[in-house]
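Residue numbers (the numbering used here): 3 to 81. We treat Cβ as the ideally placed atom computed from N, Cα and C, and that holds for glycine. Each remark here refers to the structure printed beneath this line.
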Amino acid sequence: MIVFAVKQNESGLWSVSYLGVTLADGLCLGPAIKRARDAARAEHLDSGLTTRVEMHGVDSIAPLAKYQKAPDNWTGATA
């Protein structure tokens, strides 16, 4: 699973990181979440891998979005 993290920086603004690399910094919370979701969705569409967006706080991690393939539940039965 590939994780995109939204974290608050020292100045009180927000950053988006992926695999330890900062993709964006100095954003308000809403735009930071949108940027992370857009990047995670694009990565999922390109790679087919499960991607997740998380907000990392001092004491907790909150999941914000998850992109994965839909399970294949088709049984071959017809109505």
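Where the beta strand (DSSP E) through residue i begins and ends
i	result
residue 56	53-58
residue 27	23-29
residue 10	4-10
residue 91	Since the first and last residues shown for the chain are 3 and 81, residue 91 lies out of range.
residue 67	63-69
Alpha-carbon spacing of residue i relative to residue j, whole angstroms
i	j	result
residue 30	residue 39	14 Å
residue 72	residue 12	38 Å
residue 14	residue 59	12 Å
Nearest-angstrom Cβ-Cβ length linking residue i and residue j, presumed shorter than 8 Å
i	j	result
residue 7	residue 56	5 Å
Contacts around residue i, its chain only, beta-carbon distance under 6 Å, and the 5 residues preceding and following it disregarded
i	result
residue 53	4, 42, 45, 46 and 69
residue 37	18 and 26
Chain B within 8 Å of residue i, Cβ atoms only
i	result
residue 12	This model lacks chain B altogether; it includes just one protein chain.
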